[in-house]
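A.B. asks:
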Amino acid sequence: MENQQNLNNGSHALVIGSSMAGLLAARVLVNHFDRVTVVERDRLPQQPELRPGVPQANQVHVLLTQGQRLLEQLFPGLEAELATAGAPKVNWTADYPLLGIWGWFPRVDSDLVTHTCSRSLLEWLVRRRLSAYQNLQFLDQTQVTGLLSDNSNSKVTGVKLRCRNPSELTELTAHLIVDASGRNSSLPKWLEALGYPSPKETIINSFLGYSSRWYERPDTFQADWKVLTVVQKPPFERRGGVIYPVEGDRWVITVAGIGRDYPPTDEAGFLEFVRSLRSPILYEAIKNAKPLSPVYGYRRTENLWRHYEQLPRMPQGLVALGDAVCSFNPAYGQGMTTAALGALALERCLQELRLTGLTRRFHKQLARVLEIPWMMATSEDFRWETTEGGKPDLITRLMHRYMDRVILQAVNNPEVYRRFAEVIHMVKPPSVLFAPDILAKVLAQVIKVQQNTTSSVNEVNTPPPQLTKLV
80 MENQQNLNNG SHALVIGSSM AGLLAARVLV NHFDRVTVVE RDRLPQQPEL
130 RPGVPQANQV HVLLTQGQRL LEQLFPGLEA ELATAGAPKV NWTADYPLLG
180 IWGWFPRVDS DLVTHTCSRS LLEWLVRRRL SAYQNLQFLD QTQVTGLLSD
230 NSNSKVTGVK LRCRNPSELT ELTAHLIVDA SGRNSSLPKW LEALGYPSPK
280 ETIINSFLGY SSRWYERPDT FQADWKVLTV VQKPPFERRG GVIYPVEGDR
330 WVITVAGIGR DYPPTDEAGF LEFVRSLRSP ILYEAIKNAK PLSPVYGYRR
380 TENLWRHYEQ LPRMPQGLVA LGDAVCSFNP AYGQGMTTAA LGALALERCL
430 QELRLTGLTR RFHKQLARVL EIPWMMATSE DFRWETTEGG KPDLITRLMH
480 RYMDRVILQA VNNPEVYRRF AEVIHMVKPP SVLFAPDILA KVLAQVIKVQ
530 QNTTSSVNEV NTPPPQLTKL V
């Protein structure tokens, strides 16, 4: 990304939170402001380590193909750095057996290739790249406690800070404040304190819960795959799981249950949950593997959209992005990719070289970015009767029926599967699944079933991936 003209001499932008959304926003801001400050409540580690502000970092974090491409655009050479750090390279259709609702998807080559890694490694590499910018600084162990504004409260002019010494309060002025503080963002109450309405919230909760454990990948392990997933099958098969390779020859094993069928966090209960999945292959892979961690649980998985784009008024000099605006059920792996798309939306707005009206322009653009991943995540969650926050309308129910047929075609047709995978990885929009050739295949399947009243659509009996027993 080429450096752009700054908005004005002495301009300062401040980012609240060093989440992936905050880091990517900072990358965009350094092109347009003389100074950029990232304020982070946690102590930022000097190596790839867990930190309290990312409690879900122990779980699998998938960076979709589109997300990795966007990060490479923002940080050229990042993929090479991931490879050097030992992050495995995965082709998401060739190296990735996926047991879907109709059976195992075919294994086929594609250009959906990424490096799989821990959340901690990815954040650390991005943070290291940002540290090379002379006009950017990190202010860690510092908490933002409120907003500063002009006398009329029409413009945000900075933030109130609590620094390393809890009794020490200070202020920091800036021309633009970016809230990237995550699901627990305080921005709604800060807006109310300035006399503005807080945004309407839409919450769709399927009550999905995770448990994860890290393992050493056995030296003797041999298989024809690198990542493996067994998904839930509505309406009755509520459990799923994934084996996910990361740097250091380690696996992250994450299992999930939907509709409050939460996986245990004790060792025996965790293994029994793994063994209860639709396929025994996850259990067979890990039953003799060496654990490297306790079992970590996580249950904050609801889809949440704070509709800043609908607010009748907001103060100037303030935007929000990432999970502070919209967070998704993490089962679909959209979070980091959507954060990158949000950062690029901010870049497009800043290219106009004016802060006046930026707040409204950006949130309108961000809402358009969020529409498709929100639709994809909530539509899947609505397959479960236990989901709260609304009910699927007629269009959603028809979409479920159509997508079930598309998925059935994908199990039997490698080209359909490629396109389906491209949609999942946000490389192509869902509209490609309505192409004439796919529509024709779906229609032919419907006619076939209707003509033979004794037939029904059942799980395809495709062979499972190969697993050589551990020795």
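Each residue of the sequence shown is one higher than the last, beginning at 80 in the numbering used here.
Quick reminder that beta carbons are idealized off the backbone N, C-alpha and C, glycines included.
Predicted model only: the values in this text are computed from it and were never measured.
CB valine 309 to CB leucine 178, shorter than 7 angstroms?
C.D. replies: Their beta carbons are under 7 angstroms apart, which means valine 309 touches leucine 178 by this criterion.
A.B. asks: Quick one: what does DSSP say cysteine 242 is sitting in, helix, strand or coil?
C.D. replies: DSSP places cysteine 242 in coil when its eight states are reduced to three.
A.B. asks: Rounded to whole angstroms, what's the CA-CA distance from arginine 106 to leucine 161? Just pull it up for me.
C.D. replies: So the two alpha carbons sit approximately 18 angstroms from each other.
A.B. asks: Excluding the 5 residues preceding and the 5 following lysine 369 in the sequence, name in chain order all residues of the same chain whose CB lies nearer than 7 angstroms to its CB.
C.D. replies: Here the set comprises Tyr294, Glu295.
A.B. asks: Kindly indicate which residue of Gln222, Glu202, Leu218, Tyr275 has the alpha-carbon position closest to the one of valine 235.
C.D. replies: Closest by alpha carbon: Tyr275.
A.B. asks: If I follow the unbroken beta strand (DSSP E) through aspartate 258, where does it start and stop?
C.D. replies: Per DSSP, aspartate 258 belongs to the beta strand (DSSP E) from 255-258.
A.B. asks: With a threshold of 16 other CB atoms inside 10 Å of the CB of methionine 482, please say whether the residue is buried or exposed.
C.D. replies: With 16 or more Cβ atoms within 10 Å of its Cβ, methionine 482 is classed as buried.
A.B. asks: According to DSSP, is valine 525 part of a helix, a strand, or is it coil?
C.D. replies: DSSP places valine 525 in helix when its eight states are reduced to three.
A.B. asks: Give a yes or no on whether the C-beta atoms belonging to leucine 149 and alanine 419 are separated by under 7 angstroms.
C.D. replies: Going by C-beta atoms, leucine 149 is nearer than 7 angstroms to alanine 419.
A.B. asks: Our contact map puts valine 490 next to threonine 438 with C-beta atoms below 8 angstroms; I'd like the distance itself, whole angstroms only.
C.D. replies: With 8 angstroms as the limit, valine 490 and threonine 438 do not qualify as a contact, their Cβ atoms being about 46 angstroms apart.
A.B. asks: Please identify the residue among Thr465, Asn408, Gln126 whose C-alpha is closest to the C-alpha of alanine 164.
C.D. replies: Measuring from the Cα of alanine 164, the nearest candidate turns out to be Gln126.
A.B. asks: Indicate the three-state DSSP secondary structure (helix, strand or coil) for leucine 142 in the structure shown.
C.D. replies: If DSSP states are grouped into helix, strand and coil, leucine 142 belongs with coil.
A.B. asks: Whose C-alpha, out of Pro508, Pro278, Arg120, Pro493, is nearest the C-alpha of arginine 219?
C.D. replies: Strictly speaking, residue 219 in this sequence is aspartate, with arginine absent from that position. Of the listed residues, the one whose Cα sits closest to aspartate 219 is Arg120.
A.B. asks: For glutamate 426, name the three-state secondary structure that DSSP assigns.
C.D. replies: Here glutamate 426 sits in helix by DSSP.
A.B. asks: Give a yes or no on whether the C-beta atoms belonging to serine 406 and leucine 383 are separated by under 7 angstroms.
C.D. replies: Going by C-beta atoms, serine 406 is nearer than 7 angstroms to leucine 383.
A.B. asks: Who are lysine 366's beta bridge partners in DSSP?
C.D. replies: Lysine 366 is not bridged to any residue.
A.B. asks: If I'm right that glutamate 318 touches phenylalanine 352 with Cβ under 8 angstroms, what's the distance once you round it to whole angstroms?
C.D. replies: Position check: residue 318 holds arginine in this sequence, whereas glutamate was assumed. Confirmed, Cβ separation roughly 7 angstroms.
A.B. asks: Could you give the first and the last residue of the continuous beta strand (DSSP E) run that contains lysine 234?
C.D. replies: Careful: lysine 234 lies outside any beta strand (DSSP E) and carries neither H nor E.
A.B. asks: If you draw a straight line from the C-alpha of valine 22 to the C-alpha of proline 342, how long is it?
C.D. replies: The displayed coordinates of the chain run from 80 to 550. Any statement about residue 22 would go beyond what the structure contains.
A.B. asks: Could you pull the start and end residues of the alpha helix (DSSP H) that serine 458 belongs to?
C.D. replies: It spans 437-460 - the alpha helix (DSSP H) in which serine 458 sits, taken as one unbroken run.
A.B. asks: Please list the terminal residues of the continuous beta strand (DSSP E) segment that includes serine 97.
C.D. replies: Where serine 97 is concerned, there is no enclosing beta strand (DSSP E), given that its DSSP letter is neither H nor E.
A.B. asks: Under 8 angstroms by Cβ, that's how I've got tryptophan 181 and alanine 500 pegged, so tell me the actual separation to the nearest angstrom.
C.D. replies: The Cβ separation is near 15 angstroms, so there is no contact.
A.B. asks: Residue range of the alpha helix (DSSP H) that alanine 489 falls in?
C.D. replies: Its alpha helix (DSSP H) spans residues 473-491.
A.B. asks: Output the distance between the C-alpha atoms of glutamate 280 and leucine 251, rounded to the nearest integer angstrom.
C.D. replies: Spanning the two alpha carbons is a distance of roughly 29 angstroms.
A.B. asks: Using C-beta distances below 6 angstroms, list every residue in its chain close to glycine 338, excluding the 5 sequence neighbours before and after it, in chain order.
C.D. replies: If we look at glycine 338 and ignore the five residues flanking it on each side, its Cβ neighbours are Phe286, Arg317, Trp463, Thr465.
A.B. asks: Do leucine 204 and tryptophan 269 come within 7 angstroms of each other at the CB atom, strictly closer than that value?
C.D. replies: No, they are not a contact pair.
A.B. asks: Skipping 5 residues on each side, what residues in its chain have a beta carbon closer than 6 angstroms to that of arginine 354?
C.D. replies: Correct list, in chain order: Tyr362.
A.B. asks: So the alpha helix (DSSP H) tryptophan 203 belongs to, where does it begin and stop?
C.D. replies: Per DSSP, tryptophan 203 belongs to the alpha helix (DSSP H) from 198-210.
A.B. asks: Name the residue from Lys520, Ala347, Glu494, Gln524 whose alpha carbon lies nearest to the alpha carbon of alanine 173.
C.D. replies: Alanine 173 has its Cα closest to that of Glu494, out of Lys520, Ala347, Glu494, Gln524.
A.B. asks: Buried or exposed: which applies to glutamine 138, given that a residue is buried once 16 or more other Cβ atoms fall within 10 Å of its Cβ?
C.D. replies: Buried, by the Cβ-count rule.
A.B. asks: Which whole-angstrom value is the C-beta distance of glycine 96 and glycine 261, which I expect to be below 8 angstroms?
C.D. replies: Contact flag correct, Cβ pair sits at about 6 angstroms.
A.B. asks: Three-state secondary structure (DSSP) at arginine 130?
C.D. replies: DSSP places arginine 130 in coil when its eight states are reduced to three.
A.B. asks: Using only alpha-carbon positions, find the residue among His504, Ala519, Ala523, Arg498 that is nearest to valine 511.
C.D. replies: Of the candidates His504, Ala519, Ala523, Arg498, the one whose C-alpha sits nearest the C-alpha of valine 511 is Arg498.
A.B. asks: Using the C-alpha atoms, what's the distance from glutamate 467 back to valine 485?
C.D. replies: Roughly 26 angstroms between the two C-alpha positions.
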